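**Student:** Take a look at this one; I'll ask things after.
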Amino acid sequence: MGDLGNSTVDFHPKKPGLDKGGHEGDFGVTVEELCSLMELRGPEALQKIQENYTDTETLCHRLKTSPADGLSDNPADLEKRRQVFGMNFIPPKKPKTFLQLVWEALQDVTLIILEIAAIISLGLSFYQPPGGDTEACGNVSAGAEEEGEAEAGWIEGAAILLSVLCVVLVTAFNDWSKEKQFRGLQSRIEQEQRFAVVRNGTVIQIPVAEMVVGDIAQIKYGDLLPADGVLIQGNDLKIDESSLTGESDHVRKSIAKDPMLLSGTHVMEGSGKMLVTAVGVNSQTGIIFTLLGAGEVEEEKKDCKKGKQDGTLENNQNKAKKQDEAVAMEMQPLKSAEGGEVEEKEKKKSSVAKKEKSVLQGKLTKLAVQIGKAGLVMSAITVIILMLYFVIETFVIQGVVWLTECTPIYVQYFVKFFIIGVTVLVVAVPEGLPLAVTISLAYSVKKMMKDNNLVRHLDACETMGNATAICSDKTGTLTTNRMTVVQIYIGDQLFRNIPRPDQINPKTLELITSAIAVNCAYTSKIIAADKEGGLPKQVGNKTECALLGLVLDLKQEYQAVREQIPEEKLYKVYTFNSVRKSMSTVIQMPDGSFRLYSKGASEILLTKCSFVLGRDGEARAFRPRDKDEMVKKVIEPMACEGLRTICIAYREFPADPMPDWDNETDIVSNLICITVVGIEDPVRAEVPEAIRKCQRAGITVRMVTGDNINTARAIAAKCGIIHPGDDFLCMDGKEFNRRIRNEKGEIEQERIDKIWPKLRVLARSSPTDKHTLVKGIIDSTIVEQRQVVAVTGDGTNDGPALKKADVGFAMGIAGTDVAKEASDIILTDDNFSSIVKAVMWGRNVYDSISKFLQFQLTVNVVAVIVAFTGACITQDSPLKAVQMLWVNLIMDTFASLALATEPPTESLLLRKPYGRNNPLISTTMMKNILGHAVYQLIIIFTLLFVGERIFDIDSGRNAPLHSPPSEHYTIIFNTFVLMQLFNEINARKIHGERNVFDGIFSNPIFCSIVLGTFAIQIVIVQFGGKPFSCSPLNVEQWLWCLFVGMGELVWGQVIASVPTHQLKCLKEAGHGSAPDMIMDEDLAEDEEEIDHAERELRRGQILWFRGLNRIQTQMEVVSTFKRSGSFQGAARRRSSVLSQLHDVTNNSTPSHVVLSTANATGAPGSESLHSVNGTS
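In this text, residue positions in the sequence shown follow the working numbering: the first is 6, and each later residue adds one.
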């Protein structure tokens, strides 16, 4: 065996098992055989198994595994399997190298222009007019030669090239670290996925990557299958294969009809065991991935397997989105004649939908486009004015004749003007915006990991800050999900504590033990505590664990029953799902008759009971009258204490005639009720406080649960979701559906609008109800701000609601893979209070971006005006190209780092959400920007025109071409930078707070960046010399510069004293978007435009050059559509059915769908409810 093991290594050097050496590996089957087997479905697959292996048992035997005990845990054997059949790991796409990222950053158009200008300037600086007769060229070049400085002319060109290099490296590094973080997150998510396999006869959880061919895996409701396999035992198994086939109908799997299970598909119902036959690159998903990676994909393959472009989540998301849209379509009954055509539209839409950007990015893109346009215009005017002035001055006023040998000198002047123009543009364009957003989000995501939020989509983090409603599950999120049976009704008696075994009839006791042991998933069990005195560990479904705990409390053994009746011997299982709300198992008794055990929600199961066991353990009739009494006396009191009630029942069937097992309604009826138990799931200690914080922050918390309405109401009161005396609604799914549907059974938005503002608890709700509620709140137009809804979910059936919500939270511990796949954020501790942390971080992201904007725009305004007016009046920009690039570097890259990494504070939760159409730049920020700009401009122009007199130095104005740097201009540059530094401290507060130093030391990044920038500035001024056009300053001059810079802080206090509301003239900028009159075509147009803009921003500022006319034409098209579409749009919204079908329209661009232009500050809290209800 040993040497054979070694020989396999030689046989399969790299590609595991792709040579024909499979049998050599001592297994009776090769990789190719298994691969070709997995490509078949249904009857063909069964036929192939019979031809090649007679049955699955033989296949197990050939793969050296046992259907009951699985593999042995022998490391050598596992290693050998990995070498022969491959690892369960799909290698990700190669990340971009640092050099590729540098090359991408170099594509930036403004940088390219600067490089070209710098190279021309370099070339010309080495040119000397022949014959040394420079006098002939007028006094243009005079002044340069006497200084003997002509040789230094090349320095400016070189310095520009160097600073361009700096900018490029910084950008590339940022992109690289972003990519690295994303990959880290990716692998973290992958490592967290574990799967249950049988090894040595015990079930253990192993990381998905460690699964090997031959493993026996246990599959259950909600799993995402990690490998291909053949079913060897199944109960009522239904699989959603839409991710591979695009078919949204669930496929029934059974050993007799279709045993093939494929990786990447979801288990929607049932449970079972499968033999793993293909892993990693050999599995069906892996094969597709490898094809895509190799890039030689035939078109049609690409078509059916689009969702897989590369291994990143984004795209899996896409896949899930597509499939969930299909699920949603299936669930929403299409009541219109044009169903088909609507579906087509939906399909078309869903491909657009993923492009959707977060609200913030939409606003920023628009703002950046506007600023960029302004910058372009300014720089063009600057260049034109400079050139005209020069030409008129030299050739008209001085009357110099243009000589051929002087041409290069004139050209050098023109190049210099051009460089000044480009620097104005460079400073004007805020390329730091996308950077600031990325840094802020990446930083938040990293920190949110510590707060138990695993963010799968960056923009979810920022959307969370705008959340106005949270629809939360009860079990496990608001409660601890450690269930225990605390009350029991058995044998006509209600026990408030668990009874002693001798208080119960022995026959009943035996029945209850087998009913619970057999009719709970065998994956649910109770394990002894790790620590002495700790609570026993509950594994599997928590409700089932509570029942198993009851068996142990009654001093019975459930494990003995399970050993007697192993899972393979179960005759038929009707697994739990959200429609049945019960689970039933049939076993065959020794005498050939059958017994069915059933458990489920008490009010549902009791209606199917016709008998009940009395105190003597004998069944007696259970009439409707008895039922009502039981509900009143037993179930309601339990529910009002917040207990979840479960009924356990059974029924006997004769062996002859054989019952029709497929007719479930007949089978699960006429049951004999054994007992009703009350299960307690205590509220988490930290939840009431977290909910109070949400309510204070203007967020409405609603509870959506599958539990009984009384239980739900009791828990909601304990959590503080409802307060006695408030005006609120609690209803169950039936009532909810009755109220929202019209006579034809169609859902009407107007009806939902009457309910949701007051609704706090929705009990006994199906996943469809959850989806309907979320959709209804999001589409509602009765409040001024469009609601932003977060939803928590853990079950497979929560997928559609998680998708539909603005932010979907999945549970990390209790959540199924399907729920995680559909979510945006995973709560690693399943705790509601982590959601509050997410809100805090989301608001912090928004504030960080605003701080950065406030700082950046002040610098932009000042630098552009100084460069422009300076150039027009003195023919030379007071701030040189290299200096501008340095300013650009501090204000863009460093400031975005410093301001985007401010940690959040609790005070963020004291205000209401901003709302989707709230402007990015509030009036207060506008006041700050303009106020500081005024101060800086006054100082700089004073220094420019009378600075030489104040400091008693030589004037730097009108200096010839290559003259040495002057102290005068150095002081201007230095003062300018110092003012920015102090203003960066002012920018830390955006709501007009007085104390700008508050909490400054809690952010070490900010402090180090400010001090670092200051240190570099000293070096540049004192030793920068010619390249930076600086001449060293003395101590006195430095102190003056510092003094003026500090004046910024004082001036900030002055601005803060001016009341904002009196400045009517200020306009807010960076609004959301126009009101909700958006037609389909218009949407697509708009989508395209913004998307185009964002793509371009990323490439730098190509937009300002190439995209201007495109944007203008698009604007025209859009406005035409708006004019023609607005009336139809309004009319179209009237019809509720259509509004239901246009769901995706509203969904696809949250950045455009805004319900009213008015800026409402309040969310629909309880105070505004009455008015809302009045109007509806």
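We put the CB at the ideal spot given by N, CA and C, even for glycine.
Source: prediction; values computed, not measured.
#1: Alpha carbons only, please: which of A810, P805 and N836 is nearest the one belonging to M816?
#2: What is the rounded straight-line gap between the Cα of L804 and the Cα of V793?
#3: Which residue or residues does DSSP assign as beta-bridge partners of I752?
#4: Do M708 and S477 have their C-beta atoms closer together than 8 Å?
#5: With a cut-off of 8 Å on the beta carbons, I'd call K604 and N524 a contact; round off their distance for me.
#6: Would you check if the distance between the CB atom of V284 and the CB atom of G75 is smaller than 8 Å?
#7: Can you give me the C-alpha to C-alpha distance between I95 and I531, rounded to a whole angstrom?
#8: If we call anything under 8 Å between Cβ atoms a contact, is A806 one with T716?
#9: Flag this pair as touching only if the stretch 867-887 and the stretch 456-474 have three or more C-beta atom pairs under 8 Å; answer yes or no.
#10: Excluding five sequence neighbours on each side, which residues of the same chain lie with their C-beta closer than 8 Å to the C-beta of L514?
#11: Would you tell me roughly how many angstroms separate the C-alpha atoms of D667 and L915, rounded to the nearest one?
#12: Taking 8 Å as the threshold (C-beta atoms), are I653 and I684 in contact?
#13: Extract the residue ranges of the beta strand (DSSP E) inside the stretch 215-300, only unbroken runs of 3 or more that lie entirely within it.
#14: Can you have a look at W761 and say buried or exposed, based on whether 16 or more other CB atoms are within 10 angstroms of its CB?
#15: Would you mind stating whether I757 and G725 have Cβ atoms separated by less than 8 Å?
#16: So what does DSSP say about P883, is it helix, strand or coil?
#17: Verify whether the separation of the beta carbon atoms of M469 and A843 is less than 8 Å.
#18: Taking the CB atoms as reference points, tell me whether A810 and I840 lie closer together than 8 Å.
#19: Which runs of the alpha helix (DSSP H) at least 4 residues long sit entirely within the stretch 796-845? Give them in chain order.
#20: Within 10 angstroms of the Cβ of N4, are there 16 or more other Cβ atoms? Answer buried if so, exposed if not.
#21: Please list, in chain order, all residues of the same chain as P541 whose beta carbon is under 7 Å from its beta carbon, the five residues on each side excluded.
#22: Report, in whole angstroms, the separation of the C-beta atoms of I390 and S882, which I expect to be a contact under 8 Å.
#23: Please tell me whether A274 and D241 are closer than 8 Å, where the distance is taken between their beta carbons.
#24: Could you name each continuous alpha helix (DSSP H) segment of 4 residues or more that falls completely within the stretch 531-571, going from the start of the chain to the end?
#25: Using a threshold of 8 Å, state whether the C-beta atoms of G798 and A824 are closer than that.
#26: Give the range of the beta strand (DSSP E) segment to which P659 is assigned.
#27: Please report the distance separating the alpha-carbon of L280 from that of L610.
#28: For the stretch 919-966, which segments carrying the alpha helix (DSSP H) assignment without a break, of at least 4 residues, lie completely within its bounds, in sequence order?
#29: Does the Cβ of F828 have 16 or more other Cβ atoms within 10 Å, making it buried, or fewer, making it exposed?
#30: When the Cα of G1029 is compared with those of V939, F978, C411 and I1010, which residue comes out closest?
#31: Since I believe L463 is in contact with I830 (beta carbons under 8 Å), could you give me their beta-carbon distance rounded to a whole number of angstroms?
#32: Indicate whether V869 and V432 have their beta-carbon atoms separated by less than 8 Å.
#33: Looking at the structure shown, is D737 part of a helix, part of a strand, or coil, going by DSSP?
#34: For a test of the three-state rule: what should DSSP assign to Q198, helix, strand or coil?
#35: Taking only the alpha-carbon atoms, compute the straight-line gap between A1168 and K917 and give it to the nearest angstrom.
#36: Could you name the residues of the same chain whose beta carbon sits closer than 8 Å to that of G33, not counting the 5 residues immediately before and after it, in chain order?
**Tutor:** According to the structure shown:
#1: As a working mapping, residue 816 is identified with position 811 in the sequence shown. Restricting attention to A810, P805 and N836, the CA atom closest to the CA of M816 is found in N836.
#2: Position 799 of the sequence shown, counted from the start, is the residue given in the question as residue 804. Position 788 of the sequence shown, counted from the start, is the residue given in the question as residue 793. Contrary to the premise, residue 804 reads as Gly rather than Leu in this sequence. Computed Cα separation, rounded: 18 Å.
#3: In the sequence shown, counting from the first residue as 1, residue 752 sits at position 747. Listed as beta-bridge partners of I752 by DSSP are R746.
#4: Along the sequence shown, one-based indexing puts residue 708 at 703. Along the sequence shown, one-based indexing puts residue 477 at 472. Yes, these two residues count as a Cβ contact at 8 Å.
#5: Counting from one through the sequence shown, the residue named residue 604 turns up at place 599. Counting from one through the sequence shown, the residue named residue 524 turns up at place 519. Between the beta-carbon of K604 and that of N524 there is about 6 Å, and that keeps the pair under the 8 Å contact cut.
#6: One-based indexing of the sequence shown puts residue 284 at position 279. One-based indexing of the sequence shown puts residue 75 at position 70. Taking 8 Å as the Cβ cut-off, V284 and G75 do not qualify as a contacting pair.
#7: On the sequence shown, position 90 is the one that residue 95 refers to. On the sequence shown, position 526 is the one that residue 531 refers to. Computed Cα separation, rounded: 35 Å.
#8: Indexing the sequence shown from 1 puts residue 806 at position 801. Indexing the sequence shown from 1 puts residue 716 at position 711. The answer is no: Cβ separation not under 8 Å.
#9: As far as the Cβ criterion goes, the stretch 867-887 does not touch the stretch 456-474, which means the pair count is below three.
#10: Looking up residue 514 in the sequence shown gives position 509. Within the same chain, L514 has close Cβ partners P506, L559 and Q561.
#11: Numbered from 1 along the sequence shown, position 662 holds the residue referred to as residue 667. Numbered from 1 along the sequence shown, position 910 holds the residue referred to as residue 915. Spanning the two alpha carbons is a distance of roughly 57 Å.
#12: The residue you call residue 684 lines up with position 679 of the sequence shown. The residue you call residue 653 lines up with position 648 of the sequence shown. The beta carbons of I684 and I653 sit no closer together than 8 Å.
#13: For the stretch 215-300, whole beta strand (DSSP E) runs of length 3 or above, ordered along the chain, are 221-225, 233-245, 256-258 and 271-283.
#14: As a working mapping, residue 761 is identified with position 756 in the sequence shown. Under this definition W761 is a buried residue.
#15: In the sequence shown, counting from the first residue as 1, residue 757 sits at position 752. In the sequence shown, counting from the first residue as 1, residue 725 sits at position 720. With respect to the 8 Å criterion, I757 and G725 are not classified as neighbours on the basis of their beta carbons.
#16: Counting from 1 along the sequence shown, the entry for residue 883 is found at position 878. P883 falls in the coil class under three-state DSSP.
#17: For the purposes of this step, residue 469 is taken as residue 464 along the sequence shown, with counting starting at 1. For the purposes of this step, residue 843 is taken as residue 838 along the sequence shown, with counting starting at 1. One thing to note: M469 has its Cβ within 8 Å of the Cβ of A843.
#18: Taking the first residue of the sequence shown as 1, we reach residue 810 at position 805. Taking the first residue of the sequence shown as 1, we reach residue 840 at position 835. Cβ distance not < 8 Å, so A810 and I840 don't count as in contact.
#19: Runs found: 804-809 and 822-827.
#20: The structure shown does not extend to residue 4, since the chain spans only 6 to 1181, so no value can be given for it.
#21: Within the sequence shown, numbered from 1, the residue matching residue 541 stands at position 536. Excluding sequence neighbours, P541 sits near I531, I532, A533 and A534.
#22: To locate residue 390, count along the sequence shown from 1; it is residue 385. To locate residue 882, count along the sequence shown from 1; it is residue 877. Contact doesn't hold; Cβ gap of about 12 Å is too wide.
#23: Taking the sequence shown and counting its residues from 1, the one referred to as residue 274 is at position 269. Taking the sequence shown and counting its residues from 1, the one referred to as residue 241 is at position 236. As written in the sequence, residue 274 is Glu, which differs from the Ala given in the question. With contacts defined by Cβ atoms closer than 8 Å, E274 and D241 form a contacting pair.
#24: Unbroken alpha helix (DSSP H) stretches of 4 residues or longer found wholly inside the stretch 531-571: 547-558 and 563-569, given in chain order.
#25: As a first step, residue 798 is located in the sequence shown; it is residue number 793 there, counting from the start. As a first step, residue 824 is located in the sequence shown; it is residue number 819 there, counting from the start. The answer is yes: Cβ separation under 8 Å.
#26: Working through the sequence shown from its first residue, we reach residue 659 at position 654. For P659, there is no enclosing beta strand (DSSP E), since its DSSP letter is neither H nor E.
#27: In the sequence shown, residue 280 corresponds to position 275, counting from 1. In the sequence shown, residue 610 corresponds to position 605, counting from 1. When rounded, the distance between both Cα atoms is 35 Å.
#28: Runs of the alpha helix (DSSP H) lying entirely within the stretch 919-966, each at least 4 residues long, are 928-956 in chain order.
#29: The residue you call residue 828 lines up with position 823 of the sequence shown. The residue asked about is misnamed: residue 828 is Ser in this sequence, not Phe. By the neighbour-count rule (16 or more Cβ atoms within 10 Å), S828 is buried.
#30: In the sequence shown, residue 1029 corresponds to position 1024, counting from 1. Of V939, F978, C411 and I1010, the smallest CA-CA separation from G1029 is found for F978.
#31: Here residue 830 is taken as the residue at index 825 of the sequence shown, counted from 1. Here residue 463 is taken as the residue at index 458 of the sequence shown, counted from 1. That belief does not hold up - the Cβ atoms of I830 and L463 are roughly 11 Å apart, past 8 Å.
#32: Here residue 869 corresponds to residue number 864 of the sequence shown, with the count starting at 1. Here residue 432 corresponds to residue number 427 of the sequence shown, with the count starting at 1. Closer than 8 Å, so yes.
#33: In the sequence shown, the residue the question calls residue 737 occupies position 732. In the three-state DSSP reduction, D737 falls in the strand class (E or B).
#34: One-based indexing of the sequence shown puts residue 198 at position 193. Note: Q198 maps to coil in three-state DSSP.
#35: Translated into positions along the sequence shown, residue 1168 becomes position 1163. Translated into positions along the sequence shown, residue 917 becomes position 912. Because A1168 carries a pLDDT of 40, less than 50, the predicted location of this residue cannot be relied on, and the following value inherits that uncertainty. The straight-line gap from Cα to Cα measures roughly 7 Å.
#36: Working through the sequence shown from its first residue, we reach residue 33 at position 28. Once the five neighbours on either side are set aside, the close Cβ partners of G33 are H66, R67 and L68.
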